[in-house]
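Enquirer: Each residue of the sequence shown is one higher than the last, beginning at 1 in the numbering used here. From the three backbone atoms N, C-alpha and C, an ideal C-beta is built for every residue, glycine too.
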Amino acid sequence: MVIDNLRINGYGKLKDTDIHLDKGINIIYGRNESGKSTITSFIKSMLYGIDKNKSGNEYSELEKYKPWDNGAFSGSIEYTINDDKYVATREFKNNSTKVFKNDGEDISSSFEKDKSRGIDIGFEQLKIDEDTFENTVFIKQDSIDVDEVSQSNILQKLSNIIQSGDEDVSYEKINNRLNKKLYDEVGTDRTTTKPKYILSKKIAELESRESTLIKNKERHEEIVSETYRLIEEKEKAQKEIDKTKEVYSIKSKYDDEVSNQRYKHEAIQEEKKKLKKEKDHQQKRRKIVDTIIILIAAIVLATALGIYVNYYLSIGAILIGTALIFINLKLMYKEKNELEDDNFDLIQEDIRKKESKELSKLEKKGFAKSITEKKVSELKSSYSNLEEKLKKIELEIHKLTIEDKMLVDGLNELSLVHEELYEKEIALEKVKEEEIVLNLALDVLNKSYDELRKRVIPELEKDVSFEIAKATNNTYNKVMFNSKDGIITFNSFGEPIKVNLLSKGTIDEIYLGFRLAISDRYNGVPMVFDEAFAYFDNERLKNVLITLKEICDSRQVIILTCSEREIKILEDLNINFNKITL
1 MVIDNLRING YGKLKDTDIH LDKGINIIYG RNESGKSTIT SFIKSMLYGI
51 DKNKSGNEYS ELEKYKPWDN GAFSGSIEYT INDDKYVATR EFKNNSTKVF
101 KNDGEDISSS FEKDKSRGID IGFEQLKIDE DTFENTVFIK QDSIDVDEVS
151 QSNILQKLSN IIQSGDEDVS YEKINNRLNK KLYDEVGTDR TTTKPKYILS
201 KKIAELESRE STLIKNKERH EEIVSETYRL IEEKEKAQKE IDKTKEVYSI
251 KSKYDDEVSN QRYKHEAIQE EKKKLKKEKD HQQKRRKIVD TIIILIAAIV
301 LATALGIYVN YYLSIGAILI GTALIFINLK LMYKEKNELE DDNFDLIQED
351 IRKKESKELS KLEKKGFAKS ITEKKVSELK SSYSNLEEKL KKIELEIHKL
401 TIEDKMLVDG LNELSLVHEE LYEKEIALEK VKEEEIVLNL ALDVLNKSYD
451 ELRKRVIPEL EKDVSFEIAK ATNNTYNKVM FNSKDGIITF NSFGEPIKVN
501 LLSKGTIDEI YLGFRLAISD RYNGVPMVFD EAFAYFDNER LKNVLITLKE
551 ICDSRQVIIL TCSEREIKIL EDLNINFNKI TL
């Protein structure tokens, strides 16, 4: 790719600016604050769109490069790829992007469009994403800062590229991320805050709860069976109570009747005794009186008859008197018999016959003789015992009912526990599957890394070593990666040296050599240097410019600087270049 022309309608402090670029080395010269960094940002924004996110900064790129006068915020870029010429225009406010080819053909619809940033021309046509573009061929001064953090970042980038072939792809980072993902999304049997432990613990709790509920269900079934048995026993006891009560009622009734009759009989007999005494007394008096009267009458009659009539009539009167006395005595005997005691056994027998008849009816209904033949006292005792038994049965049923209610309330949870347990088991299975996948990924990563080291790294180390040798004027001509020490280079005497022990300038040279080696893998993407050589001495700068001249046949070089050193060295070396002054 060769950038032919930049048209800045409005971007940051620049407006209505045209910059024409050639295929080889281009020097954009300008004093500080003249807009050089704005131009580099404009190039990147034209290729990849402008970032609206602050990403932890005070301002986003959109806010930072919005025209100061609130005018047009747009521009265009003309470029050539494999002899095909393109023109791309961007309106940054509304993310409107158009791409035209050769004779004005609009090919915008063939590009994928991001809602936030518009068409990603860099990735679509150069096959290089924005991050890789910034970290390989887009080199700014703040990418090689003098502080230790920046040096550490450079070394990390060098380590990444030697490990994975990509500056932003680190084997250690991927390995760490996979392990972190394994830790965060799976965990172990002991990591109490991670899914595997949490799910396993929850499943154990649910299984315990399920076991308890199943036991409760079994107990519930036992209680139901026991309750049915007790209800049957209660009904049986109640029937016995009812029968006993009915027999008791009958027997009590007739016992009461016997008692009443006995009481009446005894009362009557007592009354009869009183009457007997009175009658006996009266009879005695009446007997004496009647006998005297009859005797007197008989004597008077016999005397009168004997005196006045004849002897036979007198004897007849005496006989009649005697007969009357006999009749009187007979009547007295009859009254005496009437005062004799009545036979109560007959009365009682009659009552018991009635009782027996009613009990016989009950026996025909199914009443056992063991009940009907019991005495009232025995029935009363049985009734009391049955009532006590019934109360115990009812109490037991009540206890079982309370216990069962508590169990049934919990049993409603059983289906929910089953469902949740199933869900947690599925979730745990997925976690375990993810664990298998992540462990497999780690295994594949390790094997791939080993294969990478065997096949790619030696070639990459060779390319980087070649470029570093040129950049450092052959002072350091070889690099290797050591998993323990990181990046190691070798001096001209073949002595190994850790890169982080070198001076900042040397680290810059090594980093530049690394950039040059890596950029060869991106098919002629232009290299942009924004004040990238500020800390290079003249000799080092000369070596760098000679190296850049050698790559100009395959790629375009754009150097933005506030110093005239690059211009003077290029002129002294008779290297052609295109100069643009801001």
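What is the rounded straight-line gap between the Cα of L359 and the Cα of K274?
Expert: Within the sequence shown, residue 359 is the residue found at index 359, counting from 1. Within the sequence shown, residue 274 is the residue found at index 274, counting from 1. Taking the straight line from one Cα to the other gives about 40 Å.
Enquirer: Please name the residue or residues paired with A88 in a DSSP beta bridge.
Expert: Residue numbering aside, residue 88 sits at position 88 when the sequence shown is read from its first letter. Its beta-bridge partners are I77 and V99.
Enquirer: Would you kindly work out how many angstroms separate the C-alpha atoms of E531 and D4, rounded to a whole number?
Expert: The sequence position of residue 531 within the sequence shown is 531, counting from 1. The sequence position of residue 4 within the sequence shown is 4, counting from 1. In this model, E531 and D4 are separated by some 21 Å (Cα to Cα).
Enquirer: Could you spell out the range, first to last residue, of the alpha helix (DSSP H) harbouring K542?
Expert: Here residue 542 is taken as the residue at index 542 of the sequence shown, counted from 1. K542 -> alpha helix (DSSP H) spans N538 to I551.
Enquirer: From D537, K13 and L573, pick the residue whose C-alpha is nearest to that of E550; which is it?
Expert: Locating residue 550 in the sequence shown gives position 550, where the first residue counts as 1. Here the closest residue by C-alpha is L573.
Enquirer: Using 8 Å for Cβ pairs, my map puts L362 next to V247. What's the rounded Cβ distance?
Expert: Reading the sequence shown from its first residue, position 362 is the one you call residue 362. Reading the sequence shown from its first residue, position 247 is the one you call residue 247. About 7 Å; that satisfies the 8 Å criterion.
Enquirer: Whole angstroms is fine: what's the gap from F577's alpha carbon to D22's?
Expert: What you label residue 577 is simply residue 577 of the sequence shown in a count that begins at 1. What you label residue 22 is simply residue 22 of the sequence shown in a count that begins at 1. Going from the Cα of F577 to the Cα of D22 covers about 8 Å.
Enquirer: How is I107 classed by DSSP in three states: helix, strand or coil?
Expert: Here the question's residue 107 lines up with position 107 in the sequence shown. Here I107 sits in coil by DSSP.
Enquirer: Would DSSP call K239 helix, strand or coil?
Expert: Along the sequence shown, one-based indexing puts residue 239 at 239. Reduced to three states, the DSSP call for K239 is helix.
Enquirer: Mind checking if K462 is an interface residue toward chain C, Cβ cutoff 8 Å exclusive?
Expert: As a matter of chain content, chain C is missing from the structure shown, which is built from one protein chain.
Enquirer: Quick one: Cα of S252 to Cα of D280, how far?
Expert: On the sequence shown, position 252 is the one that residue 252 refers to. On the sequence shown, position 280 is the one that residue 280 refers to. Cα to Cα, S252 sits roughly 40 Å from D280.
Enquirer: Determine the extent of the alpha helix (DSSP H) in which F592 is found, giving its start and end residues.
Expert: Within the shown structure, residues of the chain are numbered from 1 to 582, placing residue 592 beyond reach of any answer.
Enquirer: At which residues does the alpha helix (DSSP H) containing D83 begin and terminate?
Expert: Counting from one through the sequence shown, the residue named residue 83 turns up at place 83. Note, D83: premise wrong, no alpha helix (DSSP H); not H, not E.
Enquirer: Do I25 and I580 have their C-beta atoms closer together than 8 Å?
Expert: Translated into the one-based positions of the sequence shown, residue 25 becomes position 25. Translated into the one-based positions of the sequence shown, residue 580 becomes position 580. Cβ atoms of I25 and I580: not closer than 8 Å.
Enquirer: Would you report the Cα separation of R117 and Y48, rounded to the nearest angstrom?
Expert: Sequence index remark: in the sequence shown, residue 117 carries index 117 (1-based). Sequence index remark: in the sequence shown, residue 48 carries index 48 (1-based). Within the model, the alpha-carbon separation for R117 versus Y48 is close to 7 Å.
Enquirer: Here's the rule: buried if 16 or more other CB atoms are within 10 angstroms of the residue's CB, otherwise exposed. What is A237?
Expert: Your numbering for residue 237 matches position 237 in the sequence shown. By the 10 Å Cβ count, A237 comes out buried.
Enquirer: Apart from the five residues just before and just after E571, which ones in its own chain have a Cβ nearer than 6 Å to its Cβ?
Expert: Translated into the one-based positions of the sequence shown, residue 571 becomes position 571. Around E571: no qualifying Cβ.
Enquirer: What are the boundary residues of the beta strand (DSSP E) that M527 is part of?
Expert: Mapped onto the sequence shown, residue 527 falls at position 527. Residues M527 to D530.
Enquirer: Taking the straight line between their C-alpha atoms, what separation do you get for L582 and E61?
Expert: Walking along the sequence shown from the start, residue 582 turns up at place 582. Walking along the sequence shown from the start, residue 61 turns up at place 61. When rounded, the distance between both Cα atoms is 22 Å.
Enquirer: Does DSSP classify L417 as helix, strand or coil?
Expert: What you label residue 417 is simply residue 417 of the sequence shown in a count that begins at 1. Per the sequence presented here, residue 417 reads as Val, with Leu not at that position. Here V417 sits in helix by DSSP.
Enquirer: Whole angstroms are fine: how far does the CA of E78 sit from the CA of L512?
Expert: Taking the first residue of the sequence shown as 1, we reach residue 512 at position 512. Taking the first residue of the sequence shown as 1, we reach residue 78 at position 78. L512 and E78: Cα-Cα distance of roughly 28 Å.
Enquirer: Measuring CA to CA, which of F367, E210, E433 and F536 is closest to I510?
Expert: Counting from one through the sequence shown, the residue named residue 510 turns up at place 510. Of F367, E210, E433 and F536, the residue nearest in Cα terms is F536.
Enquirer: Going by C-alpha to C-alpha distance, which of S96, Y59, K52 and W68 sits closest to G35?
Expert: The residue you call residue 35 lines up with position 35 of the sequence shown. Closest option to G35, Cα to Cα, is W68.
Enquirer: Quick test of your reading: G75 and R177, contact by CB under 8 Å. State the CB separation rounded to the nearest angstrom.
Expert: Counting from 1 along the sequence shown, the entry for residue 75 is found at position 75. Counting from 1 along the sequence shown, the entry for residue 177 is found at position 177. Incorrect: roughly 38 Å between the Cβ atoms, too far for contact.
Enquirer: Give me, in chain order, the residues of the same chain whose beta-carbon lies closer than 6 Å to that of N95; leave out the 5 immediate sequence neighbours on both sides.
Expert: In the sequence shown, residue 95 corresponds to position 95, counting from 1. Excluding residues within five positions, the ones whose Cβ falls inside 6 Å are G118.
Enquirer: Is N176 helix, strand or coil when you go by DSSP?
Expert: By one-based count along the sequence shown, residue 176 stands at place 176. N176 falls in the helix class under three-state DSSP.
Enquirer: At what residue ranges does the stretch 197 to 226 contain a whole run of the beta strand (DSSP E), taking only runs of 3 or more?
Expert: Within the stretch 197 to 226, no complete beta strand (DSSP E) run reaches 3 residues.
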